[in-house]
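In our numbering, the protein residues as written are 45 to 261.
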């Protein structure tokens, strides 16, 4: 269920964009009739409709996800709060100004905000968010958690830059495909590579021995 909630806004964004892109005139008429008051000028053109509708659906889905988690008494992760803030502000600007540039910056804003949170928590507060989140599932020495935290910071920074490069060098439909499949695929590859690196650098016997020494101390 958690995995579905995490990916639901992204799935709905992609589905809405593709459906509207295939029926631009009908999408423009629908968007103008139902959401014209949310836009500057009140009229949505066929070229603007796919991204506008996809953005509105994403905002609604993210808001509902957070509301559902809160009503169920479940914790809302930092990434979800950051995503909600970014999609609401930048998505709202995209809708009002009919300008997809704002929503294209949303992934970069989320990536860089997460990099700042991971760095700030460790450097300023002395807290490793990865260890706090995954410490119960993974027994690793302190230096491993530090290395993982740094690698995630660098990954988020790089992904933020990559998103902007793609957004400004390819068509909007291609950027949408990258956002859904490319960025997700790169994250999966990064996680797998990181786990392989951790297992090779800090194999399980060494981790257990290190943990035992810490307890003895």
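We put the beta carbon where it would ideally sit given N, CA and C, even for glycine.
In the DSSP assignment, find the unbroken alpha helix (DSSP H) run with residue i in it and report its ends.
| i | result |
| --- | --- |
| residue 171 | That residue, residue 171, is in no alpha helix (DSSP H); it is neither H nor E in DSSP. |
| residue 120 | Residue 120 -> no alpha helix (DSSP H), and no H or E assigned at all. |
| residue 205 | 186–213 |
| residue 73 | 68–79 |
| residue 89 | From DSSP, residue 89 is part of no alpha helix (DSSP H); its letter is neither H nor E. |
| residue 216 | 216–221 |
| residue 226 | That residue, residue 226, is in no alpha helix (DSSP H); it is neither H nor E in DSSP. |
| residue 145 | 145–148 |
Is the beta carbon of residue i less than 8 Å from the beta carbon of residue j?
| i | j | result |
| --- | --- | --- |
| residue 162 | residue 193 | yes |
| residue 64 | residue 98 | yes |
| residue 132 | residue 103 | yes |
| residue 67 | residue 142 | no |
| residue 182 | residue 158 | no |
| residue 156 | residue 172 | no |
| residue 236 | residue 58 | no |
| residue 144 | residue 216 | yes |
| residue 72 | residue 53 | no |
| residue 242 | residue 198 | no |
Is there at least one non-hydrogen atom of the ligand MG closer than 7 Å to the beta-carbon of residue i?
| i | result |
| --- | --- |
| residue 117 | Ligands in the displayed structure: none, and consequently the ligand MG is not present. |
Give every residue of the same chain whose Cβ lies closer than 7 Å to the Cβ of residue i, excluding the five residues on either side of it in the sequence, and list them in chain order.
| i | result |
| --- | --- |
| residue 127 | 106, 154 |
| residue 250 | Legend: pLDDT at residue 250 = 45, less than 50; position of this residue unreliable, value from coordinates given subsequently. Around residue 250: no qualifying Cβ. |
| residue 139 | 82, 83, 96, 99, 100 |
| residue 180 | none |
| residue 244 | none |
| residue 234 | 199 |
| residue 177 | none |
| residue 187 | none |
Excluding five sequence neighbours on each side, which residues of the same chain lie with their C-beta closer than 8 Å to the C-beta of residue i?
| i | result |
| --- | --- |
| residue 49 | 109, 112, 113 |
| residue 80 | 86, 87, 88 |
| residue 130 | 150, 153, 154, 157 |
| residue 174 | 162, 189, 192, 193, 196 |
| residue 214 | 222 |
| residue 205 | 152 |
Give me the Cβ distance between residue i and residue j, rounded to the nearest whole Å; I'm assuming they're in contact under 8 Å.
| i | j | result |
| --- | --- | --- |
| residue 56 | residue 101 | 5 Å |
| residue 150 | residue 170 | The pair is not a contact, with the Cβ atoms about 30 Å apart (cut-off 8 Å). |
| residue 222 | residue 210 | 5 Å |
| residue 227 | residue 203 | 7 Å |
To which residues of the same chain is residue i closer than 6 Å at the C-beta, ignoring the five residues directly before and after it?
| i | result |
| --- | --- |
| residue 247 | none |
| residue 220 | 61 |
| residue 146 | 134, 137, 138 |
| residue 51 | none |
| residue 148 | 211 |
| residue 69 | 90 |
Open item on the list: Using 8 Å as the cut-off, can you tell me whether the region 82–91 makes contact with the region 111–119, which would need three or more C-beta pairs spanning the two stretches below that distance?
Closed with: no
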